[in-house]
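*Asks:*
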Amino acid sequence: MPSSMISNQELHVSSLLSHSLTGLNTYAHNFTVSLSSVFATSKVQSIISTLLMDPYIYSLSVKSLGMVYMEAPTGKVCYNSRQQLNCTSIEVMSKCVWQMSRGNEDPMILGPGSEIQLSDNCTELSTVTLLKTNGYWSGIYSCLFVTGNIAHMGIAPIQIALLPEVINVTSNPQTADCSGPSPTKVSISCSIENSTETYKVMLKLGSVEIAPIKEENNGIIKYTAEFPVDCQAVGKPTSLEASCTLENSLNQLRNRTIKVPIIYPSDLFCAEEQIAERIWPKTKNNETATIDCTAPGREGSMKRKCTGQTWGEEVSLCVKSVLNSVALQAKDFEKGLGATQEVAQFIFQSLKNNTADEGENTFGDVKAAVSVFLTMNKASVNMPLGENLLADFIDSASSMLNVTWEVGDKEETSSLATQYLSSVEGLVKNIRINATEGYNSSNIQLQICRNGSSCNRTVFNVDVELNATADMVKTVGLQSLANRLPKLGYENATFPSIVVSSTVENNTQASVNIRMAFPNEQGASAKMTCVFWNVTELRWSNEGCEFVKGPGNLAYCECNHLTSFSMLMSKHAVSMPFLDQLTYVGLGVSICSLIVYIIIECLVWRAVVKSNLSHFRHTALLNIALCLLLADCSFLASSFPSILNETLCLVLVVAKHYFFLAMFFWMLCLSVMLVHQLIFVFSHIGKKMYMILGFTIGYVCPTVTVAVTYVYYDQTRDIPYYSSKTCWLTYKSAMQGSIHAFLFPVGTIVLVNLFSMVVVIATVLKPSGAESNKKGDKDAAKSIIKVIMFLTPVFGGTWILGLFVFLMDDFTQFITYVVHYTFTIVNSLQGFFILLTGCFAEKRVRDEILRIVLGKSAKEQGTVTTTK
């Protein structure tokens, strides 16, 4: 062995009997040794340990093939499918590592991500599940069971029938010009990254389909076809839809569409214009033109809107090429490719290094950096991030606030500011901090409190006091951000430059109160309002926050957000004095009452159920009580969202959504059955039929409603299904938000039930001929009151107040408080009212309860009591 130092030495073991020496150079020796028998890992490790005692050997590792059995899919697998790989070692090892390599790239370590799951315990058995197979996951997989310097390895390829991840469809020209006398044509192009998959491609404009011409250049495959545009088409469409459809080897399809506007002689348009080397094409009114970036070292596009005949400002989305690479690496990390602490730190270091020069940063660079924050925030849910990257993250986030975000598009700026705030807050929350006491940069200050009942910290001269018995409180101040966020509802207000955010970890208290002292820079004459950023509605809100004037120029903001019962029908969380306490007391009484009611129903069932009608009535009442009981319990369990994890919060939201809806659907069954019996006196529904209808409407309908709502908002909408801040459905604006999937069914059923109640009252007030002269107004009034008292709790009549709760959100009006308090009191006590009207107000139930009670007393006294 030469006297020079050996930097790397690997011993590869397979099942064939042979010996070869490969890769010999001055610094390293790579050996391949083939054995015909199984060897003991401990013995090889002993040999390696002895060799490593040689000062000339820097490192030495062993990898074996043949000691691990690997199961993997064979042949091509479908795109976007779920696949599983299993590895089994013949020996128990210390740990396992999964890697994947693509082509000539170095192997990447696999970690938990949005598209991959790894088994927890992997000393001799390990599983990787690919949740969504796509081009990122096509490659050679290896699982390594490791002990010391020895790794037993299994290898298998995964071949995926690919579909392009990005399809770029363009039109040249971008607008079809039918303003002149001559016919016009447009060229439609479809570009994808180079791929090993052979696609069938079809381009389409309007109803015309053409097989395109294929070109390859610089790693891009481009399909192009030229289409005629019929300027005399019937109806003169304002635009045509251009589409590109690709089909892979397993007949799976993916397509992308764009709109090609058409300019007619009477249409307004912006004429072609050249600025420096940039040429903006002729563009139709209210359309946006897009051109590629031409600056060296930058990628992306620029856009410009045409309004009437006037061009708007140029909006540059050009990004440094290196920042684009960082963004792509972050996306790989979020999926689970290279998801290690080292890679995470490298991503934030690269981001810091490429955003440090504030003079070079553009709006596009800020947008790319924010996309990295958003991606890493999502990734941190599956892969916890360590505090070693905290400084790089805060420095890069701080430098973004030194760049002007004004690009002539307020919506673009506001959207970016919203994304920036949510991603920075999320990363501050998810980065695991052990020893750091805080970190300050020019525009961001972070302060930490640990293991206390209160926390007092100062960020940018804002004193923050928070009472919470928690493991850790993180308080972050962000400078120069408030004015960039949307000002919906506060357009004329002046915002301080500081935004303060506090995150509480493992809080053991039921509520959290936060008090902030802001310097009042506007003087004593200014009207001060305390607001918080509502992450669900993406707007400033003053619910739960109160302004308190302090000494001198100090302005105090005190916020406390709890969960009251009226939140179920409200657009957002509500905070009013004693409203939460009333909720919890009412729900406690309701839950106890429902338990008593269910027990009584079980005891008196045989005695009171004597006909099909009474059978269905008591079946419906019992299911209403059961659903309300489970809904109330779920509500109580989710009363303090800050101490719940995301999964439990989601489960409780689904439970509340489902059980409250099931209760109302059973109420609908009961009211429809009652009206049917009143109108069709001699037409009876069979027991089997109404039981099938009852359970179908009562449980299948809410199941479908909840399932469709969850899938719709989870998969196809930017609005989430639920809010982790409230553990309830979301509201964004009119007809936007999952809460409408609760309000519409409930509102419809309540209105139907109120109509049923009117029918019952009309029937009661319609006496027979013999009674018509005897029954006076007083008796009629008594009958109406009796019907309302009996049917309102089981028909959900009190929930009509929810309509006013939803519509009335002006908390400066006294009537708003009256509605919220009334709704909370009467509906949190609904279980108690059901007990009163369903048990104690029904004579047969009362008699049977009395018989049971007296029967037990008589038995204890040795006497017999007979009731006739």
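Take 1 as the starting number for the sequence shown in full-length UniProt numbering and just add one per residue.
C-beta: ideal position from N, C-alpha, C; glycine also.
1. Please tell me whether SER301 and GLU425 are closer than 7 Å, where the distance is taken between their beta carbons.
2. Where does TRP98 fall in DSSP's three states?
3. When you compare the CB of PHE833 with every CB in chain C, is at least one pair closer than 7 Å?
4. Around the Cβ of VAL853, are there at least 16 other Cβ atoms within 10 angstroms (buried) or fewer (exposed)?
5. Give the DSSP-derived three-state secondary structure of TYR141 in the structure shown.
6. Expressed to the nearest angstrom, what Euclidean distance is found between the alpha-carbon atoms of THR307 and THR184?
7. Find out if the Cβ-Cβ distance for the pair SER371, ALA417 is shorter than 7 Å.
8. At 4 residues or longer, and completely inside the region 321-380: list those alpha helix (DSSP H) runs for me, N to C.
9. Would you give the residue range spanned by the beta strand (DSSP E) that TYR439 belongs to?
10. Report the partner residues of GLY83 according to the DSSP bridge assignment.
11. Would you report the Cα separation of HIS152 and ALA211, rounded to the nearest angstrom?
12. With DSSP collapsed to three states, give me the class of ASP471.
13. For ARG484 versus TRP540, is the C-beta spacing smaller than 7 Å?
14. Which partner residues does LEU729 have in the DSSP bridge list?
15. Could you check where the alpha helix (DSSP H) with ILE394 kicks off and where it finishes?
16. Pull the bridge partners of TRP605 from the DSSP assignment, please.
17. Do ARG254 and LEU163 come within 7 Å of each other at the CB atom, strictly closer than that value?
18. Should CYS727 and SER638 be called a contact, given that it needs their Cβ atoms to be closer than 7 Å?
19. Looking only at its chain, what residues have a beta carbon closer than 6 Å to the beta carbon of ARG256, apart from the 5 residues adjacent to it on each side?
20. Using only the alpha-carbon positions, how far apart do LEU648 and TYR712 sit?
21. Identify which residue in GLN159, LEU579 and GLY698 has its Cα closest to the Cα of THR824.
22. Please report how far the alpha carbon of TYR821 lies from the alpha carbon of GLU848, in whole angstroms.
23. Suppose you measure from the CA of SER723 to the CA of VAL845; what does that come to, to the nearest Å?
24. Tell me the residue span of the beta strand (DSSP E) that contains TRP280.
25. Give me the Cα-Cα distance between GLY477 and ILE498, rounded to the nearest whole angstrom.
26. By the three-class DSSP mapping on this structure, what secondary structure does TYR58 have?
27. What's the call for ALA770, buried or exposed, on a 16-neighbour Cβ count within 10 Å?
28. Could you check how far apart the C-beta atoms of ARG102 and GLY139 are, in whole angstroms? I think they sit under 8 Å.
29. Assuming VAL319 contacts ARG304 under a Cβ cut-off of 8 Å, what Cβ separation, rounded to an integer in Å, is found between them?
30. Please classify THR647: does DSSP put it in a helix, a strand, or coil?
31. Taking C-beta to C-beta, are ILE188 and ALA242 nearer than 7 Å?
32. Return the Cβ separation of ALA330 and MET376 in integer angstroms, given the expectation that the two are a contact with Cβ distance under 8 Å.
33. Among the residues of its own chain, which have a CB less than 8 Å from the CB of THR288, if the five just before and after it don't count?
34. Could you please give the first and the last residue of the uninterrupted alpha helix (DSSP H) stretch that includes ASN430?
35. Grab me the residues of SER126's own chain with a C-beta within less than 6 Å of its C-beta, minus the 5 sequence neighbours each way, in chain order.
36. May I have the straight-line CA-CA distance separating VAL826 from ASP632, to the nearest angstrom?
*Replies:* This is what the structure gives:
1. no
2. In this structure, TRP98 counts as strand in the three-state DSSP scheme.
3. Note that chain C does not occur in the displayed structure, where there is just one protein chain.
4. exposed
5. strand
6. 24 Å
7. no
8. 321-335 and 341-353
9. 438-440
10. Looking at the sequence shown, residue 83 is not Gly but Gln. Note: GLN83 sits in a beta bridge opposite LEU130.
11. So the two alpha carbons sit approximately 51 Å from each other.
12. Three-state DSSP puts ASP471 in a strand.
13. no
14. As DSSP reads the structure, LEU729 sits in a beta bridge with TYR722.
15. 390-400
16. Under the DSSP definition of a beta bridge, TRP605 lacks any partner.
17. yes
18. When the beta-carbon positions are compared, CYS727 and SER638 come within less than 7 Å of each other.
19. Cβ-Cβ distances below 6 Å link ARG256 to ILE167, VAL169 and CYS244 in the same chain, with the five nearest sequence neighbours on each side left out; the list follows chain order.
20. 20 Å
21. Comparing Cα positions, the closest option is LEU579.
22. 37 Å
23. Rounded to the nearest whole angstrom, the CA to CA distance from SER723 to VAL845 is 43 Å.
24. 278-280
25. 6 Å
26. coil
27. Interpretation of ALA770 is limited by its pLDDT of 45, a score under 50 that renders its predicted location unreliable; no figure is taken from the coordinates.
28. 4 Å
29. ARG304 and VAL319 do not touch by the CB rule: their CB atoms are close to 17 Å apart, not below 8 Å.
30. helix
31. yes
32. Right, the Cβ-Cβ distance comes to about 6 Å (below 8 Å), so this counts as a contact.
33. LYS303, ARG304, LYS305 and CYS306
34. 410-430
35. CYS87, CYS96, SER119 and CYS143
36. 14 Å
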